[in-house]
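Student: The structure's right below; bear with me while I get my questions together.
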Amino acid sequence: MSASDDPRRVHFQSPEYLVDRLDAIADLFDKDRTDLLVEAIREYIEDTADSETFQELVATKYYDDQLDFETVKQLVGAESAQRLRLLKGDLEDEPLDLAAPDDIDIYDGETATVDADDER
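Residues in the sequence shown are numbered from -12 upward in steps of one, following this note's numbering.
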């Protein structure tokens, strides 16, 4: 078991009927309530992290500097986080200052011009 797998005690309020149902399910499967809660949380996190909506929200907040890289890594995994970091770097880069080519006629012949003030 790694350090990140070490148990941490948490305390939260839950409606009594949910705890009663959870206890009944735990008895039925001969499991501990904590094991069922951990399993349910793990499944919820995996389902949420796999959703496209969640991925887009994480990316948007990361690009807007509302999430740091380590948090993104926890939310979407190391590989996806690295992809987002590379894309963010590309988005933040200044465009290359390249001059237009002057030795090639890209239009190959006559060109038409349009006056933006003309109405149809």
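Using N, Cα and C, we set each Cβ at its ideal position, and we do this for glycine too.
Locate the alpha helix (DSSP H) running through E33, then write down its first and last residues.
Tutor: Run containing E33: 20 to 37, per the alpha helix (DSSP H) assignment.
Student: Under the three-state reduction of DSSP, which class applies to R(-5): helix, strand or coil?
Tutor: Looking at R(-5) - three-state DSSP - the assignment turns out to be coil, as it is neither helix nor strand.
Student: Taking the runs of the beta strand (DSSP E) that are 3 residues or longer, which of them lie wholly in the stretch 41 to 71?
Tutor: DSSP runs (the beta strand (DSSP E)) wholly in the stretch 41 to 71: none.
Student: Would A36 and V59 be called neighbours here (beta carbons separated by less than 8 Å)?
Tutor: No. Outside cutoff.
Student: Any chance the stretch 46 to 57 sits against the stretch 18 to 36, with 3 or more Cβ pairs inside 8 Å?
Tutor: Counting Cβ pairs under 8 Å, fewer than three are found: no touch.
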